[in-house]
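Reviewing the structure listed below.
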Amino acid sequence: MNEQQDENNQRLSLADLEALSFDSLSRLSAKTHQAKPLARRIARAEAEGRARAGLRYLLHCLEDLALGRCDGGAMPKLQTRHGVRLHCDIANGFLPAAFDLALPEFLQIAEAEGTACLAFVNGHSPGFLPQMAEALRGAAM
Numbered sequence: 001m002n003e004q005q006d007e008n009n010q011r012l013s014l015a016d017l018e019a020l021s022f023d024s025l026s027r028l029s030a031k032t033h034q035a036k037p038l039a040r041r042i043a044r045a046e047a048e049g050r051a052r053a054g055l056r057y058l059l060h061c062l063e064d065l066a067l068g069r070c071d072g073g074a075m076p077k078l079q080t081r082h083g084v085r086l087h088c089d090i091a092n093g094f095l096p097a098a099f100d101l102a103l104p105e106f107l108q109i110a111e112a113e114g115t116a117c118l119a120f121v122n123g124h125s126p127g128f129l130p131q132m133a134e135a136l137r138g139a140a141m
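Read in our numbering, the sequence shown has 109 at position 109, and its numbers run on one by one without any break.
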């Protein structure tokens with residue numbers, strides 16, 4: 001790479017990328033409870049080299065918000081619990097907010113019963129399974 005190319009290439013820190021993602025989502029109607037966890041996971045996906053769940057996914061999220069295909073103010077709801085199964089309605093929002101809502105109860109069920117199953121419905125969720133698995137691993141599942 002020559003010096004001219006090097007001067008034109010700028011790199012964002014993960015914190016800057018998260019802030020940029022949050023700001024972009026917020027400008028297109030995403031409320032803080034939806035935008036913050038999504039922006040955090042977008043930055044993390046980029047750090048892990050998974051652009052499909054990173055900046056490329058951010059562009060899809062912004063398009064979905066702009067076209068009304070996704071509700072940036074959606075309030076995810078824990079719907080039902082049947083034994084070890086917990087159901088969460090994403091309410092046409094984004095998965096990260098719903099996952100953050102469901103995780104504490106899911107972990108409680110798993111600890112009490114020795115196993116648990118978590119199902120999400122009605123939302124946008126691609127690309128975050130590795131991060132969800134990491135969160136469970138971090139909780140000593």
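C-beta atoms are modelled at their ideal positions from N, C-alpha and C, and glycine is treated no differently. A quick note: this is a predicted structure, and the numbers were derived from the prediction, not measured.
Cutoff 7 Å; reference residue i; Cβ partners in own chain excluding five residues on either side
i      : result
Met1   : With a pLDDT of 47 at Met1, under the threshold of 50, the modelled position of that residue is not reliable, and the figure given next carries that caveat. If we look at Met1 and ignore the five residues flanking it on each side, it has no Cβ neighbours.
Ala144 : The structure shown does not extend to residue 144, since the chain spans only 1 to 141, so no value can be given for it.
Ala98  : Pro76, Cys88, Ile90, Phe120, Gly123
Cross-strand partners of residue i (DSSP beta bridge)
i      : result
Gly152 : The question about residue 152 has no answer, for the chain in this structure spans 1 to 141.
Cβ neighbours of residue i in the same chain (closer than 8 Å, five flanking residues each side left out)
i     : result
Arg40 : Glu18, Pro96
Leu62 : Ser24, Leu25, Leu28
Gly83 : Glu113
Cβ neighbours of residue i in the same chain (closer than 6 Å, five flanking residues each side left out)
i     : result
His87 : Gln79, Thr80, Ala119
Arg85 : Cys117
Phe94 : Gln34, Leu38, His124
Would you call the region 28 to 38 and the region 61 to 75 in contact, with 3 or more CB pairs under 8 Å?
-> With three or more CB-CB distances shorter than 8 Å, the region 28 to 38 counts as touching the region 61 to 75.
For the region 55 to 119, which segments carrying the beta strand (DSSP E) assignment without a break, of at least 3 residues, lie completely within its bounds, in sequence order?
-> Within the region 55 to 119, the complete beta strand (DSSP E) runs of at least 3 residues are 77 to 82, 85 to 94.
Okay, do the region 17 to 29 and the region 46 to 66 touch, 3+ Cβ pairs below 8 Å being the bar?
-> yes
Would you check if the region 40 to 49 and the region 101 to 114 touch, i.e. whether three or more CB-CB distances between them fall below 8 Å?
-> no
Contact between the region 8 to 16 and the region 77 to 88: three or more CB pairs below 8 Å?
-> no
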